Amino acid sequence: MRQITNSEVVDFRAELDQTISELVDEHDDDLDKRAALLSVESASLRAEEDLIGLDFFVTTPNRDRSQVALQLVDLLDPIFGNDGGEHPEIEAFCECGAALIPEDERDEDSLFRSRCSCTLAAAWWLQEQVRKQKSYDDLVGFFATLADDPVADGSDIASELLAIAHRVAATVSEEQLVIQWRFECHSAFRFATVGLTPYVQKLKKNGKGYTKGKRTSTNELLRRPSVLSELDRRICQIIERVHHGSGNDQEMMLSAVHLLARHGNVAWDDNDGEEIQVLDGQLSLRLEPIHSAVNESGEEFGGLEESDPTTETAHYSIRMCVPGIDVDISQCSVFYFTEQNSQPLVLFIDRNSNRLILAHVHPGLPREAYNFLETRDFGSVVLDRESAHELTKSITTLNRLLPVHLPDELAGPVLDLEPELLIELRPRGGAGLLVRLSIFDQRLIETLTPGSGESIYNTVLDDGPVRLRRDLSGECVLANKTVEQFQLHELSSDGAYRWIALTDQQALEFLSRLYEAGEDAPRMIWPEGESLRIRGTIAPSSLRVQIDDSQDWFGVSGTVDIGGKQIALKDLLDAVTQRRNLVRVGDREFAQISDTFRNRLEQLGDTLVYENGEMKVADAAVPAVADLLGADVPLEVTARWNSVIDTLEALGDYHPDKPESLDVDYRDYQMDGFHWLARLSHWGVGGILADDMGLGKTVQALGVLSQRGAGGPALVIAPTSVGGNWLRETERFAKALNPILYRDGNRQQMIESAGPNDVLIASYQLVQRDAQKFQSRQWNTLVLDEAQFVKNAQTKTARAIRDLAANWRLALSGTPLENHLGELWSLMRTISPGLLGSWDRFRTRFADPIERHKDDQRRESLARLVRPFILRRTKNNVLKELPRRTDITLQAHLGDEERGRYDEARVAALSELSDQVDEKAGEHRMRTLAWLTKLRQLSCHPRLVDRTWSASSAKLNLFGDLVDELRDGDHRALVFSQFVKHLGLVRELLDERGISYQYLDGATPAKERQRRVDAFQEGEGELFLISLKAGGTGLNLTAADYVIHMDPWWNPAVEDQATDRAHRIGQTRPVTVYRLVAAGTIEEKILEMHADKRELVAGVLDGTDRAAKMDTADLIRLIKSGDA
């Protein structure tokens, strides 16, 4: 016997996981999953032929222990490829009587409509355990832990599963079977019973028809799932529950009989076993015109015959019928099943034409009506014209419970119904709202469901009966427009054009949409005394706000008074955030937020932070809050608030002179930048100077450092490659400052002794390593150069810098936002804590709406919020004299052997990544990134992946040709690559040709870095080979007028930073940038991404945004792309 393969285990796990998820998701439950899982104490295993059972003990929320039985049926088909097999079926039963079963079976017995926390916990436990089993051995081990004899039972169960699967599959292949249901019905003393018996029929040898069949049992059939259709399986399960006494026997059997109308293979349960047709419809009455002969004395004689309805002697008979089915009820046996709770039924058995007719009856039909139907002999009843006309006066009321079909002369003329769409609303017990769309015409006495029911509606007006003709399809079109317009599909469906708003919040959101639509919304109908009431409109003047002092914050609270009832400011802000126009005031009472005030409240919500039950505002957000509240909102404020406002008002006229000790001739834009920094410093709020590379961020920062120097020491944190530049520029331009490089010597002493006008310059790595030392004292000024180093808030470096004690903080970064908004949030959290609030708040209010849903309104709100604290100028805007920059992409076309190696790796990547369906998300992402790196390396040179590769590469050959052209024109170039090994191959080529160059990567010591930079600037070396990460920032290399990017990096901002080593102040020649890209590879896809990355930066910092952070699926799509 073969073993179960690992791929079969994967299929089994996926199918079972999906089934459990669908089952649990069908049940409306607010349980905490983690807590529920902890409540499962133990599980033991029992296995039958095609059923696996797990018995649990679960601790209930009341701390009681309850036993739960969980059963897996039809487990094998999805694993072993049994044609026609169903998904695994899972049922959980608790000793409290509750059960967790599939949705399509819950209507058949009221017992199974309930569920409890124990059944959900058991299903969740199994789901979690199954997800962990990755191989055959894991599967055996899992079963073994639940069995009495771990080793033996575990292997036996796995083997039994396989054996059963083979047996079931063999049965299917050897026999082609169908199920026929035999029907019988008996009555005694006005009580009727129905019975269904299954017969198994086999295809005849000649292939023409089936055998008469062999009687079997539903229990046996459920053990042979391969022969059952979905309909057969459901009928069998119902009958089995009847046999086990699980509910109302008669009602459950009738639910099985209902299914026969869709089966197609039903027969009488007698010796002949003739096949029968099962039809269903609605029980109705029909009036038919007749007449009688009259003698001279006016007495009737003779039989009744069809009459001319225009004669005065017209009479009418009354008959039971089922519309749409041509049947003579007088020739049928009639059985009444009127005691059923869910659906009363009348059965008409027509043996003459072998038909079984199921006539449904409205549940509201009173008991007297059944007595009338059962005891009346309609064959002897005749209505004269007067009686018939009297009956038509009540026809509308009768039709609601027992439709009565009239002949044309009694039904009246046909008129078109003039539909009006209504929205019927009813408060839901506890919370929420019941919603129904309905069709109304003032000539109706009831509302109708759109598109449902008869196309002709009989009713009676003052001048007699009429027939209203409905356009059923037109009603659906009308209703569906309303569904889309008011997003009714977001509510929980409760039937045809019926929905439930489960919570008050859902109800308010829906009502707000209706109210905002005004006359464009359908008419709302509420039960009498329960209608919606709008108590008033909330305007700025009705809001009262209180500002309180809090450490490092201002506390904010407020209320609105509407007709003597109070609404908290927090509730107003929540309503605006949820896009609601109504706020609950009382029971079915609401207040409307005015349109003009709504926009101000939304912006106010962006500036306020809600933490620990309190609304707060950071000092940095005070001007925004004050502006939004305005003069028309009454305020109660503190002295500190007024002091901050006074300081802010004075800042408008604050234009300090450049410090005398600063030996810099500022350009106009640099003086503007210094004034901006000085104002933030005077205010005490941090900011980000985000000018383009090469615009002099360092000298602008030296201006404010010189201004603040007397107040205490400053700490400048910069990449190692930039520290030396800070030292030299401080010594050169800021004569009053004392720069100290935190590298050699007594570092502890450097920190402790730092005083006024001292500027301690340290690398990010050293600050993180010596965090406690730096955090042990107060710094007057903190400057973060290349501040994108703290764009990941979770890194140790970012956390260490956030914990530094500094009076004022400044970040310098040409790329404060590179990939996603989390980077901006992390940087602002470091520089201006509190402005953007917690990550969860920021993600909900800004990141998700902007990045996932492309919400321009949210983008504009974020830009408005951060704009006062970010100053960004581009070279194109402020440096008109800067030489032009030209960007050129050169394509390298891979040779046949190189292309074959690349394509082979791409196919292998797709195969491996597609197989890792059960890998943890983090592991799967890392594996994906590893393959992407390999493909990018193969795009550059196969030797980066395969050391045995002896040939050159298309890209290296292209580079060699380009270098020859540059040398002929007496040009010098910077050569960047993200792969140090790639630079190594470039060095080999240059050494072979005798071309001089400088070289720098992450392993180059700081002093040697600067020596090589100075040497290149002085003319030593035709090329400068630089690792992108190690030398892409902080270097001045204007001696080069060409830049070559050997391989594209994910983010264009990083490449732009590298290019700006040459294209910056001091450059006198035009700069040409070459990007070498391997055609038909992943590198082309990376270039396509560059446009989106640039738009993300521009969107928040300048006003247009589309891009978002890539997830693992996006990365895999790069690999799947045909050319990648």
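To convert, take the position in the sequence shown, counting from 1, and add 52; that gives my numbering.
Beta carbons: idealized from backbone N, C-alpha and C, even for Gly.
What you are looking at is a predicted structure, and each value in this text was computed from that prediction instead of being measured.
Own chain residues within Cβ distance below 8 Å of residue i, not counting five before or after
i: Glu420; result: none
i: Gly657; result: Leu625, Val628, Thr629 and Arg897
i: Glu701; result: none
i: Asp156; result: The predicted model places Asp156 with a pLDDT of 48, which falls under 50 and marks its position as unreliable, so this point remains unresolved.
Three-state class that DSSP yields for residue i in the structure shown
i: Thr1124; result: strand
i: Pro791; result: strand
i: Met576; result: strand
i: Ile1138; result: helix
i: Ile853; result: helix
i: Gln557; result: helix
i: Thr1111; result: helix
i: Trp877; result: helix
i: Pro920; result: helix
i: Tyr706; result: coil
i: Val346; result: Residue confidence for Val346 is low, a pLDDT of 44 falling below 50, so the modelled location carries little weight; the figure read from the coordinates is stated next. Reduced to three states, the DSSP call for Val346 is strand.
Between the CA atoms of residue j and residue i - distance to the nearest angstrom
i: Thr985; j: Asp1099; result: 12 Å
i: Arg452; j: Ser504; result: 14 Å
i: Asn1183; j: Ser525; result: No answer is possible for residue 1183: it lies beyond the span of the chain, which begins at 53 and ends at 1176.
i: Ala173; j: Ser545; result: 26 Å
i: Val608; j: Leu634; result: 22 Å
i: Ser281; j: Leu122; result: 24 Å
i: Asp601; j: Ala591; result: 26 Å
i: Leu450; j: Arg495; result: 16 Å
i: Val1065; j: Ser1002; result: 33 Å
i: Trp176; j: Asp190; result: 19 Å
i: Asp1022; j: Arg1116; result: 20 Å
i: Val413; j: Leu335; result: 6 Å
i: Leu467; j: Ser307; result: 39 Å
i: Gly137; j: Pro277; result: Because Gly137 carries a pLDDT of 40, less than 50, the predicted location of this residue cannot be relied on, and no value is offered for it.
i: Arg585; j: Val518; result: 38 Å
i: Val612; j: Ala620; result: 6 Å
i: Tyr1051; j: Phe1076; result: 6 Å
Close beta carbons around residue i, own chain, < 6 Å, minus the five adjacent residues each side
i: Ala1131; result: Gln943 and His945
i: Glu476; result: Arg488, Ser490 and Ile577
Whole-Å CB distance - residue i paired with residue j, under 8 Å assumed
i: Lys617; j: Val637; result: 5 Å
i: Gly738; j: Ile940; result: Between Ile940 and Gly738 the Cβ distance is about 40 Å, and since that is not below 8 Å, they are no contact.
i: Gly947; j: Ala852; result: With a Cβ gap of about 50 Å, Gly947 and Ala852 do not count as contacting.
i: Val819; j: Ala766; result: No, Val819 and Ala766 are not in contact; Cβ-Cβ is about 14 Å, not under 8 Å.
i: Val696; j: Ala730; result: The Cβ separation is near 18 Å, so there is no contact.
i: Trp831; j: Leu856; result: 7 Å
Limits of the alpha helix (DSSP H) - the one that residue i falls within
i: Ile291; result: Glu282 to His295
i: Ile697; result: Ala691 to Leu703
i: Lys906; result: That residue, Lys906, is in no alpha helix (DSSP H); it is neither H nor E in DSSP.
i: Lys1033; result: Val1032 to Arg1045
i: Gly739; result: No alpha helix (DSSP H) contains Gly739, which is instead part of the beta strand (DSSP E) from Gly739 to Leu741.
N-terminal and C-terminal residue of the beta strand (DSSP E) that residue i is part of
i: Arg861; result: Arg861 to Leu864
i: Leu331; result: Glu327 to Gln334
i: Val997; result: Careful: Val997 lies outside any beta strand (DSSP E) and carries neither H nor E.
i: Thr782; result: Here Thr782 belongs to no beta strand (DSSP E); instead the alpha helix (DSSP H) covers Thr772 to Phe785.
i: Ser169; result: It is not in any beta strand (DSSP E) - Ser169 instead sits in the alpha helix (DSSP H) that spans Ser169 to Arg183.
i: Met48; result: Given a span of 53 to 1176 for the chain in the structure shown, any question on residue 48 remains unanswerable.
i: His734; result: From DSSP, His734 is part of no beta strand (DSSP E) but of the alpha helix (DSSP H) over Asp720 to Trp735.
i: Asn406; result: Neither: Asn406 is in no beta strand (DSSP E) and is coded neither H nor E.
i: Leu588; result: Before going further, note that residue 588 is Gly rather than Leu in the sequence given. Per DSSP, Gly588 belongs to the beta strand (DSSP E) from Arg585 to Ile590.
i: His1097; result: Tyr1094 to His1097
Check: residue i C-beta below 7 Å from any heavy atom of the ligand NAD
i: Arg286; result: Among the components of this structure there are no ligands whatsoever, and the ligand NAD is therefore not found.
Own chain, CB closer than 7 Å to residue i, minus 5 neighbours either side, in chain order
i: Gly1054; result: Ser1079, Lys1081 and Ala1082
i: Phe649; result: Ile590, Ala591 and Pro592
i: Lys787; result: Ser713 and Asp715
i: Glu666; result: Gly607
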